[in-house]
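Chemist:
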Amino acid sequence: MGKNKVTDNVKWQIVGLLKDGCKTQQEIAELVGVSQKCVSSIKKKHESTGQVSDLRRSGRPRKLNFRHESYIFREIRKNPTLSYINLAVDFNAKFSNVKVSKATIRRLLIKKGLESHTAVRKPLLTAEDRIKRYKWCKQRLNWTVNDWGRNPEDYLIFQQDGASAHTAYSIRDWFKEQNIEVLPWCIRSPDLSPIENLWSFMYAKLVNTRITSIDDLKQVLHKDWLSVSTEYVQNLINSMPERVAAFFRAKGGHFKY
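In terms of the UniProt record's numbering, the sequence shown opens at residue 1 and continues consecutively.
See the structure below:
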């Protein structure tokens, strides 16, 4: 066909032959009268967009097709509190041929009339919870940075928040079996834990990385974890006395840090 325009009917015929898997791209090209490069181009277009047509459009081309947008809307309906960053991470892990940022997600949702609101991420506290949080804080009110950061050679203490998923009997039994000491932590207190800041740091790095498999995810997480500077970790440790002081002033209630 030379440089003549390839019709959509021919393109769909090529897609069908590719799916059959009985012929090579070169054999398909010779059969329908196009170049092997044309067959390859049609294959890539169909895999990335689900379409074969060259749509006329003005301005910047659309990055997301109907399938991509449907996935985003479905995830938002399932979890309305999902952040732009977390949604972008999930999207990039699922669709290896398209990379989006939190800004792309945000623009799409605003365009569709889905306004962003700050989710209430604080766990609900009962009167008993507040008392327990307050007592925990009072016992550590005079701890210094050295108290929080001390780490004798070859001695590690595992720290996690007091979420129910972390305090289940099966989890506690596993720590005992592995001889891992766990730092006593206050219940329902992500606002106190510096690990929350570290997770946000990791998410921010992960969202700009294209991930195509679980192995990729593991490698990226390991690489990003090793990139966390000692200075950043030390700053989180340094923040603990002030966090506890703010905790104490809030009398066991939520505080902003």
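From the three backbone atoms N, C-alpha and C, an ideal C-beta is built for every residue, glycine too.
(1) Go ahead and label SER193 buried or exposed: buried means 16 or more other beta carbons lie within 10 angstroms of its beta carbon, across all protein chains shown.
(2) Check the C-beta distance from CYS186 over to LYS132 and give it rounded, since I have them as a contact under 8 Å.
(3) If you draw a straight line from the alpha carbon of THR24 to that of ASN97, how long is it in whole angstroms?
(4) Would you give the residue range spanned by the alpha helix (DSSP H) that GLY50 belongs to?
(5) Indicate whether MET240 and ASP224 have their beta-carbon atoms separated by less than 7 Å.
(6) What is the DSSP secondary structure of PHE73, counted as helix, strand or coil?
(7) In the DSSP assignment, what are the bridge partners of PHE158?
(8) According to DSSP, is ALA119 part of a helix, a strand, or is it coil?
(9) What do you get for PHE91, buried or exposed, if any count of 16 or more other CB atoms within 10 angstroms of its CB means buried?
(10) Taking 8 Å as the cut-off, does the stretch 95-109 touch the stretch 61-76 (at least 3 CB pairs, one atom from each stretch)?
(11) My assumption, with CB atoms under 8 Å, is that VAL39 sits in contact with ALA29. Please give the rounded CB distance.
(12) Out of TYR169, ILE195, SER200 and GLN160, state which residue places its alpha-carbon closest to the alpha-carbon of LEU183.
(13) Buried or exposed for TRP136, please, with buried defined as at least 16 other CB atoms from any protein chain shown within 10 angstroms of its CB.
(14) Could you give the DSSP three-state label for MET240: helix, strand or coil?
(15) Can you give me the C-alpha to C-alpha distance between LYS19 and THR49, rounded to a whole angstrom?
(16) Skipping 5 residues on each side, what residues in its chain have a beta carbon closer than 6 Å to that of GLU196?
Modeler: Quick answer:
(1) buried
(2) 7 Å
(3) 23 Å
(4) Unbroken run through GLY50: none, as it is neither H nor E.
(5) no
(6) helix
(7) VAL182
(8) Confidence in ALA119 is poor, its pLDDT being 49 and thus under 50, which makes the residue's placement unreliable; the coordinate value appears in the next sentence. Three-state DSSP puts ALA119 in coil, outside helix and strand.
(9) buried
(10) yes
(11) 5 Å
(12) GLN160
(13) buried
(14) helix
(15) 16 Å
(16) PRO190
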